[in-house]
Structure formats: C-alpha cells, structure tokens
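Numbering (this note's numbering), first residue to last: 2 to 375.
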C-alpha cells in the first residue's frame, strides 16, 4: 500500500477526494453545453498565464507591495489581446465574411456544376463501360445519396435539439472575460488549495506530473497554433498565386483544419481543390500539387522544429486515436484525443518508473522520463 494511504484518516481523505472528483465529472458531463465557454476560457488562461507571470515578476516593487502588480499585468495582457482582436475585426474577419457571403451565393452554381458532372458526364462514362460495372457504380451512387439524405435529416434534428443551448452559451461567453480575470489573478491561490488536498507524501509526485503535463501541453498547444497560422498563410498565398476565387476564405479554412491530426490537412485542402477544379481543371491540378507540397514541407521542416516530439505517436496510432475520439466525443474528441492520450501515456510512464525502479525518487523518475523522451 502506498505510504500516503497508510492510515485510516488518509484513506478516508483519498475516498472523499475521489468522490468529489467523480461528482464534478458528472456535473460537467450534464452541463457540458453551458460549460464550453469556460473550457475555452481555460485554454486562454493557459496561453496567457506565462505573459501575466512575466509582467507580474518584473513589476515595480511599490506595485507588488500594494498587490496591484498582478491585476495590472492581467489588464496589460487584456489590452494587448483586445488590440489583436480589434485588428482582426477591422481587416481580416470582414474580408473573410465577405468572401463567405460570396461563396454562399455561389453555392447553387457549384451544386449545378457538380450535378452536371454526376449526371451528364458520369452517364456518358457509364455508357462506355460493361453493364455489370455500370450497375455496381450506379448502386453505390444511389446508396451514397440515401446516406447523405439521412445524414442531413439527422443534422437538422441535431440543430433543433441544440437551439435551446444557445442562450446559456452566449451568457457563458459574456462572463468568461470576468471569470478569466479571477482565474489568472488567483492562480497561485488555487494551486496551493489544490495541493492542500493532496497527501503530503504524494505532493512531490503530483508536482512532477504537473511538470510533465505542462511541458507536453505547452509544446502541443503552441505548436498547433503556429502550424495553423503558417499553413493558413501558405495556403492563401498559393491560392492567390493561382487566382483561385475566395482565396482568403479557403486559406483560412485550410489553416483551421490543421488542428485536426493527420486527416485535417486533407479536409482543409478539399474545398480549395474542388473549387479550382470546377472553374479551371488544370488550375485545380496545380492547386492540389501545391497543397501536397505544403503538407510535405510541414511534415519535414515545420513539425520537427515547432511541435518537436510533443506527442511522439506513430501516424497509424494517431489515426486510430482520432477515429476513437470522434466516436466517443464527436468534434471535441477529434481535437482532444491525441493530446489526452499523450498525457495518459506520460503519466503511466512516470508512475511505472516511480514504482518499478527501486529507490527512485520523484525527481529521479522525472529525469529518467525526460531522458527517454529525447
């Protein structure tokens, strides 16, 4: 039995903490739709915390004595973030919205073009092949059409079911900045309160696990955001060079889908390639080749230098994780499956080193884990 569970009081305490965690899990699961803004706020808090801590540490002493250093640091970070958002609202977002409206107006024309390809051109093609193959292709197309119709019906039903969640989501987004201020301002107090719940003999292990997770999440989040930005910029430049319509919108779409592991780049490239093909087939081919080049450049040069070995999963494992995540939690599962699996793997490795190597202290297990990650 671990030393921090040696006495009855320690065991009762562990049971109470476990019960509290389980109840919190049930509450979060039941109110997940309303808590999504706060989850987004926690991500922002994690990204803004280093800047707030830096400004807090370098604040003048008289501000620290009056306990104004940290609130002012948060205010400065808020002002900087507001400036970035204002710049996006002034220049970037209006252009994307304008192109999105143009795309929405052009959708009927694209649908007619695709329908022509699937009816006239495909019919002519099917007439030139053996009847057995033609019937098989037609049967698969009919099945695909039926599946698409069913999916659309489910999508409409899901939209209606989630309309009631809109009000709680908007209210959550409205109060997140205020809530985020308190989270950033009282970060150390919350951290100390958390460690008070941990048995004293287990605190060093928890601290080492915190370091492991912080390093992993920091590298993963910063890497993914930078990759999204760089790929979005490169995709937009390619589309502008080839004079593809809606270049900014399609480049932004490609950048956003970089956050989805493995399959994201293909999904992000598909609309740009399809629109280019519908307008000028040869241009569509060049766009497809250019996006393939961007992906190779990303895999060979960008990922090793930006994300490093943050998750260290084989691509085949990542594909399985993404599929499992999609099945379990939908879109959130797709985005979070890989980092969550990496966190669980590193925690398991640390605990394995801690418990199997005789005389291994928490710091020794941490250093051994770091050495194996290099």
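We put the CB at the ideal spot given by N, CA and C, even for glycine. Keep in mind the model is a prediction, meaning the values are calculated, not measured.
{"Check": "Reduced DSSP category for residue 188 - H, G, I as helix; E, B as strand; rest coil", "Outcome": "helix"}
{"Check": "Contacts around residue 342, its chain only, beta-carbon distance under 6 Å, and the 5 residues preceding and following it disregarded", "Outcome": "322"}
{"Check": "Length at least 4, wholly inside the segment 47-100: the alpha helix (DSSP H) runs in chain order", "Outcome": "62-66, 70-88"}
{"Check": "Straight-line Cα distance separating residue 213 from residue 273", "Outcome": "39 Å"}
{"Check": "Those runs of the alpha helix (DSSP H) which lie wholly inside the segment 294-352 and span at least 4 residues", "Outcome": "304-307"}
{"Check": "Helix, strand or coil at residue 246 [DSSP, three-state]", "Outcome": "coil"}
{"Check": "Given residue 223 as reference, the closest of 38, 33, 44 once Cα atoms are compared", "Outcome": "44"}
{"Check": "CB-CB length for residue 260 against residue 229, believed under 8 Å", "Outcome": "6 Å"}
{"Check": "Integer Cβ distance of residue 292 from residue 236, believed to fall under 8 Å", "Outcome": "7 Å"}
{"Check": "Cβ separation of residue 255 and residue 277, assumed to be a contact under 8 Å, to the nearest whole Å", "Outcome": "Residue 255 to residue 277, Cβ: 13 Å. No contact."}
{"Check": "N-terminal and C-terminal residue of the alpha helix (DSSP H) that residue 12 is part of", "Outcome": "9-31"}
{"Check": "Beta carbon of residue 250 nearer than 8 Å to that of residue 107", "Outcome": "no"}
{"Check": "Cα-Cα separation, residue 361 to residue 367", "Outcome": "10 Å"}
{"Check": "Nearest residue (CA-CA) to residue 38, options 78, 176, 18", "Outcome": "176"}
{"Check": "Reference residue 181; option with closest CA among 258, 20, 209, 78", "Outcome": "78"}
{"Check": "Rounded separation between residue 162 and residue 34 - CA only", "Outcome": "Here residue 162 scores only 49 on pLDDT, less than 50, and its place in the model should not be relied on; the value that follows carries that caveat. Answer to the nearest angstrom: the Cα atoms are 12 Å apart."}
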